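**Q**
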Amino acid sequence: MFPKPIKPNKMTLVMYKFLEDKIEIYEHSIKEYEFKLLGLDYKDSMYEFYSERYAEAKLWLDVLYTARDAKYDNPYSK
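Position 42, counted from 1, in the sequence shown is what my numbering calls 42; the numbers after and before it change by one each time, with no gaps.
(1) From the DSSP output, in three-state form, read off Y47 for me.
(2) Over the uninterrupted alpha helix (DSSP H) stretch that includes D21, give me the two end residues.
(3) Taking C-beta to C-beta, are Y50 and Y26 nearer than 7 Å?
(4) Of the residues E20, M11, L13, which one's Cα is nearest the Cα of D62?
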């Protein structure tokens, strides 16, 4: 009656491990960029550099969260 759960293959598990690793990297980068932005004046040229990197990291982190948490692909979600 109910569909059988799909057993994740090794490639799927490797992909989700990769996503988790990338998420950890981007979370660390965001903390680092926030710290550097706190010490800079907004008129400084490095402020623009770090704010662009911060925005890009936030965007990629949202994409990675979406990919990780997709219910139809994620073997760990229910």
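From the three backbone atoms N, C-alpha and C, an ideal C-beta is built for every residue, glycine too.
Predicted, not measured: the structure shown is a model, and the values here were computed from it.
**A** Per the coordinate set shown:
(1) In the three-state reduction of the DSSP assignment, Y47 falls in the helix class, which pools H, G and I.
(2) Segment 10-38, the alpha helix (DSSP H) holding D21.
(3) No. Outside cutoff.
(4) Nearest C-alpha to D62: E20.
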